[in-house]
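Chemist: This is the structure, below, for whatever I ask next.
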Amino acid sequence: MTIAIYPGSFDPIHNGHLDIVARAARIFEKIIWAAYARPSKSLLFSADERMEFMRTAAGGMPNVQVQLYQGLTVDLARRVGARAIVRGLRVTNDFEIEYQMALTNAQQAGEIETVCLMTSAQYAFLSSSILKEVALAGGKISEMVPPYVEPALVQRLAQLSGAQDTEQRVSPQV
Ligand code: ADP
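Residue 843, in my numbering, is where the sequence shown stops; the numbers in between run on with no holes.
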């Protein structure tokens, strides 16, 4: 069986990620869709919350299995018997990062290939950070995320900006 993993932060998932996982699921017999438990970037959603969104999204894809992991991506790939790591490419800047990561992973585990799928044109601009910025500014995000992510994202950002307002009000004037 040709197994691939699709790793990322997925904080939260958006339609660009869903497009990649669905396309990868048509190429490989099994996809392990894997979220980093503790990425180096700061997160909006907990591991459980990110996984819950992914599980819901994977519901309609019988050969996609969701998993949380720590440590090296190539170690996860070896554990689950994957031959490939799937990544998505949007802009040229992504290429630099993915190329560096692919070479590092190849150096760690030469038997595992990195397979990059080009983004679909309608998601070329979409990233979790753009999504958060638009949502925070009250913009329309319904075409960027699945319907179960939108209210959770709006609510989380409202909680955070509420907390920041309170912090600013109570901090002493200088
Ligand atoms: P990471 O922290 O590893 O970049 P992300 O959750 O941001 O994790 O992204 C996971 C993967 O999905 C990466 O390969 C990224 O390039 C890809 N990706 C993100 N957004 C898109 C998009 N709009 N179209 C295609 N691929 C995307």
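Using N, Cα and C, we set each Cβ at its ideal position, and we do this for glycine too.
1) Enumerate in chain order the residues of its own chain whose CB-to-CB distance from V733 is below 7 Å, with the five nearest sequence positions on each side excluded.
2) Using a Cβ-Cβ cutoff of less than 7 Å, which residues in the same chain neighbour G685 once the five nearest sequence positions on both sides are dropped?
3) Under 7 Å, do V784 and F722 count as touching if we go by C-beta distance?
4) Using the Cβ count rule (16 or more neighbours within 10 Å means buried), how would you classify F714?
5) Report the partner residues of T783 according to the DSSP bridge assignment.
6) Starting from L737, trace the beta strand (DSSP E) both ways and give me its first and last residue.
7) Helix or strand or just coil, what does DSSP make of A771?
8) On a CA-only basis, which of S830, G831, V823 is nearest P681? Give me that one, please.
9) Is I689 a contact residue of the ligand ADP, with contact defined as CB to any heavy atom under 6 Å?
10) Considering only C-alpha positions, which residue in the set R724, E698, E767, R747 is nearest to A704?
11) Give the C-beta separation of I674 and A746 to the nearest angstrom, bearing in mind that I take them to be a contact with Cβ-Cβ under 8 Å.
Modeler: Reading it off the structure:
1) V690, A694, I700, W702, A727
2) G757, T788, Y792, L795
3) no
4) buried
5) I754
6) 733 to 738
7) helix
8) V823
9) yes
10) R724
11) 5 Å
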